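The listed protein sequences correspond, in order, to chains P and G.
Under the working numbering, the first residue of the first sequence is numbered 16, with each subsequent residue one higher.
Under the working numbering, the first residue of the second sequence is numbered 16, with each subsequent residue one higher.
Glycine is no exception: its CB is placed at the ideal position from the N, C-alpha and C atoms.
Here the structure is a predicted model, which is why all the values come from computation and not from measurement.
There are 2 protein chains.
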Amino acid sequence: MSERETPKLDDGHEAELIAAEAIGDVIEHWGFRRVLGRVWTILFIAAEPLPAAVIGERLSLSAGAVSMSLTELQRWGVVRRVFRPGERKEYFEAETDFWKMISKVFDERERLLAESVRARLERAVAMLEARPRLPGAEQRADRVRRLLSFVIVAETALDGFIRSRRVDFSPFGDLIRFPLRVASRKRRA
Amino acid sequence: MSERETPKLDDGHEAELIAAEAIGDVIEHWGFRRVLGRVWTILFIAAEPLPAAVIGERLSLSAGAVSMSLTELQRWGVVRRVFRPGERKEYFEAETDFWKMISKVFDERERLLAESVRARLERAVAMLEARPRLPGAEQRADRVRRLLSFVIVAETALDGFIRSRRVDFSPFGDLIRFPLRVASRKRRA
DNA sequence: ATGAACTTTCAAAAGATTTTGAAACTGCAA
DNA sequence: TTGCAGTTTCAAAATCTTTTGAAAGTTCAT
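Structure, rendered in structure tokens:
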């Protein structure tokens, strides 16, 4: 809301921190810890591998927190460890292919949830169908079936979207004023 | 994972609770409190307006929690208050149009976040551009610009999706075996 | 106006999540 | 083998979120 703030002397990393907070919010909004977004952003902006200590310094995080964040980010395949010949310490770099990251996360996380939700709704339907004479059971079963349909539609839609990279992007193909290169890998694969 | 559980005598609401938990998880995954999903689901399955007390009983929630949840669900436009002539207490019913709910939430919540994130990234770019001689500033500015492009693409894509209801749903139009009626309101509006 | 029935509010309690910091661990080099 | 630089782990602390419950507030019938 208030655009004017942080007027303090720029140490050369203010801008990064602002960006890191912003992306941290996005990431938190998608159900991850904010710190994961912040760490990834620092690495992404650095555009070169950074040691854990530097990340901790920039974000004022303890070594433990940095270590845990990096481990988790690697688990999600969005950060890579980089070995530097002759160097003792480890360096880390951010995955830069947004599509790769999104699809990986969807694949692992959304699919798991969707499956568990579907199974549970199916169970609920079965329970209601098993007692057709319970007052209202048929109507309730209808409602749960509708929920289930929706979950299946959403699951399938997301799936198709992830697979085909298509969501009908055409209507705004040139609304954007940047050198963007989102989803820039091979066009059809 | 384990499908066999809750073998206790079904009081007629077991199934609902299972469904409510499942949808609660979905809703939590989308950044809302789980309880909101549970309350909405009870109302959705009931298929008729319910008084707050009944919801509290079924979900074992205090009156306060139910009241707060209902207020918030109404704020999101996914639950409506229903006045019943001659009745003192208030009844509540769930919105049943999934698309309406989704687009409302996107409109209010995602847009807000996207805007704030965009503004912050723009600020970060400006800060880096203001110091072109700072070592690495140009490269970092590039990276932040790329982040920004992505946010703009995502924002625009979501927007278009919500407006047009189109994501290329065709490929799986009949994969579903239910009376589904997702996105059933007027076709173009 | 009063009281019964019901709802809302909000401070405190409970609960959950995140972060810290210190100890344990891991090579590696002397 | 010991010490060092760096990393990981994990229990405790700090912090954040959610729920409760009781008081205040509403509304309506009398």
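Using a 10 Å radius around the Cβ and a threshold of 16 neighbouring Cβ atoms, would you call residue i buried or exposed?
i                : result
THR56 (chain P)  : buried
ARG96 (chain P)  : exposed
SER213 (chain P) : In the structure as shown, chain P begins at 16 and stops at 204. Residue 213 (chain P) is therefore absent and cannot be evaluated.
GLY101 (chain P) : exposed
PRO77 (chain G)  : The residue you asked about is not Pro; residue 77 (chain G) is Ser in the sequence shown. Classification for SER77 (chain G): exposed.
PRO136 (chain P) : The identity of residue 136 (chain P) in the sequence shown is Leu, whereas the question assumes Pro. That one is buried.
GLY175 (chain P) : buried
ARG161 (chain G) : buried
GLU63 (chain G)  : exposed
LEU127 (chain G) : exposed
What residues in its chain sit with their C-beta under 7 angstroms from that of residue i, if we drop five residues either side in the sequence?
i                : result
ASP183 (chain P) : Summary for ASP183 (chain P): the model assigns pLDDT 45, below 50, so the residue's position carries little reliability, and this model does not support an answer.
ALA156 (chain P) : VAL140, LEU143 and GLU144
ARG91 (chain G)  : Sequence inspection shows Trp at residue 91 (chain G); the Arg mentioned does not correspond to that position. These residues qualify, in order along the chain: LYS119 and VAL120.
PHE187 (chain G) : Because PHE187 (chain G) carries a pLDDT of 37, less than 50, the predicted location of this residue cannot be relied on, and the following value inherits that uncertainty. Result list for PHE187 (chain G): empty, nothing under 7 angstroms.
GLU125 (chain G) : LEU173
ALA152 (chain P) : LEU143 and ARG146
ILE159 (chain G) : First, the amino acid is wrong: residue 159 (chain G) is Val here, not Ile. Counting only Cβ-Cβ distances below 7 angstroms, and skipping sequence neighbours, we find LEU136, ALA139, VAL140 and LEU143.
GLU43 (chain G)  : ARG49 and GLY52
GLU123 (chain G) : none
Per DSSP, what kind of secondary structure is residue i in: helix, strand or coil?
i                : result
ASP183 (chain P) : Caution applies to ASP183 (chain P), whose pLDDT of 45 falls short of 50 and renders its modelled position unreliable; the value that the coordinates give is listed next. If DSSP states are grouped into helix, strand and coil, ASP183 (chain P) belongs with coil.
LEU65 (chain G)  : strand
PHE121 (chain P) : helix
VAL50 (chain G)  : helix
GLU102 (chain G) : coil
GLU153 (chain G) : helix
GLU29 (chain P)  : helix
GLU108 (chain P) : strand
TRP45 (chain G)  : coil
ARG148 (chain G) : coil
SER75 (chain G)  : coil
By the DSSP assignment, the beta strand (DSSP E) with residue i in it spans what residues?
i               : result
ARG96 (chain G) : 94–97
Once the 5 residues before and after residue i are set aside, which same chain residues still bring their CB inside 8 angstroms of it?
i                : result
THR111 (chain G) : PHE59
VAL94 (chain G)  : VAL54, TRP55, LEU58, LEU85, LEU88, PHE107, GLU108, ALA109 and GLU110
PRO150 (chain G) : none
VAL166 (chain P) : ALA129, VAL132, ARG133 and LEU136
GLY79 (chain G)  : none
LEU163 (chain P) : ARG133, LEU136, GLU137 and VAL140
Going by beta carbon distance, what residues of the same chain come within less than 6 angstroms of residue i, once the five residues before and after it are set aside?
i                : result
GLY39 (chain G)  : ARG49, GLY52 and ARG53
VAL81 (chain P)  : ALA67, ILE70 and GLY71
ARG99 (chain G)  : TYR106
MET116 (chain P) : VAL93 and GLU110
Got a sec: does the ligand GDP put a non-hydrogen atom nearer than 7 angstroms to the Cβ of residue i?
i               : result
GLU43 (chain G) : The ligand GDP is not part of this structure, which contains no ligands at all.
What residue range does the alpha helix (DSSP H) around residue i cover?
i                : result
GLU137 (chain G) : 126–144
THR86 (chain G)  : 78–90
Since residue i contacts residue j with CB under 8 angstroms, what's their CB separation in whole angstroms?
i                : j                : result
VAL41 (chain P)  : VAL132 (chain G) : 6 angstroms
ALA35 (chain P)  : LEU74 (chain P)  : 7 angstroms
GLU170 (chain G) : ALA134 (chain G) : GLU170 (chain G) to ALA134 (chain G), Cβ: 12 angstroms. No contact.
GLY46 (chain P)  : GLY46 (chain G)  : 7 angstroms
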